[in-house]
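Quick notes on the structure that follows.
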């Protein structure tokens, strides 16, 4: 039996992704150990949630550092002290610099609200509608030095419905994001998705039956 995967979480906001991961862990659906929660906002909901539930948490202020690169390297040094095997960007609202990515002690993943490589960056739902897409969705990908450009590990799709607006599409994609993240981390922990290897490795398409939808 594999030991739990050691996971560190980076978060800036209310921590809904963190809460989803923690809930899946405590319910026995996700074989991980949350070894640290790190934020750039001391007052974030993610930090408050972590401390309320006995999870190690730390916040570093970007204003305490001379530049972005210095902050990112210090952040990764703090993360490294927890000996993680995987870093999950769970609503971390900063673009990590190349120096920070190179300083990361282990692979790092992020969830993005589009079917990458389509629509990297912001405003993905409006862009998908404007492009006349028939399906949209979310992707979990490895973080590398190209914004939203790392190898895609898993995706979940939703059909685009006639007449819907970006907020309606966003709501339906969001309903898949937490389950997709949990299912992907579970597959990494189980060894079904390998983080090291060929950049052309097959993407895992996860349907509703795979996602433990609530």
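In the working numbering, the protein residues as written are 1 to 214. The C-beta atom is built at its ideal place from N, Cα and C for all residues, glycine as well.
Do you know how far the Cα of residue j is from the Cα of residue i?
i           : j           : result
residue 102 : residue 13  : 24 Å
residue 117 : residue 141 : 10 Å
residue 66  : residue 92  : 20 Å
residue 162 : residue 153 : 29 Å
residue 230 : residue 114 : Nothing can be reported for residue 230, as the shown portion of the chain is limited to 1 through 214.
residue 145 : residue 95  : 10 Å
residue 193 : residue 81  : 25 Å
residue 63  : residue 44  : 16 Å
residue 90  : residue 39  : 10 Å
residue 151 : residue 108 : 11 Å
residue 143 : residue 97  : 11 Å
residue 61  : residue 71  : 8 Å
residue 184 : residue 175 : 15 Å
residue 110 : residue 196 : 16 Å
residue 211 : residue 74  : 35 Å
residue 24  : residue 126 : 31 Å
residue 122 : residue 28  : 34 Å
residue 165 : residue 69  : 38 Å
residue 26  : residue 191 : 20 Å
Please tell me whether residue i and residue j are closer than 8 Å, where the distance is taken between their beta carbons.
i           : j           : result
residue 169 : residue 130 : no
residue 46  : residue 11  : yes
residue 182 : residue 21  : yes
residue 157 : residue 177 : no
For the putative contact between residue i and residue j, defined by C-beta atoms under 8 Å, what is the C-beta separation to the nearest angstrom?
i           : j           : result
residue 133 : residue 173 : That pair is no contact at about 12 Å.
residue 189 : residue 31  : 5 Å
residue 2   : residue 35  : About 16 Å; that fails the 8 Å criterion.
Spatial neighbours of residue i within its chain, please: CB distance less than 7 Å, with the 5 preceding and 5 following residues excluded, ordered by chain position.
i           : result
residue 76  : 100, 103, 104 and 105
residue 41  : 12 and 59
residue 124 : 113 and 114
residue 8   : 35, 36, 38, 79, 82, 84 and 87
residue 171 : none
Report all residues from its chain with a CB closer than 8 Å to the CB of residue i; omit the five preceding and five following residues, and keep chain order.
i           : result
residue 120 : 112, 114, 147, 148 and 149
residue 53  : 22
residue 167 : 125
Residues in the same chain with beta-carbon distance under 6 Å from residue i, minus the five sequence neighbours each way, listed in chain order, please.
i           : result
residue 50  : 37 and 57
residue 85  : 5, 6 and 106
residue 15  : 45, 46 and 49
residue 187 : 193
residue 33  : 4 and 6
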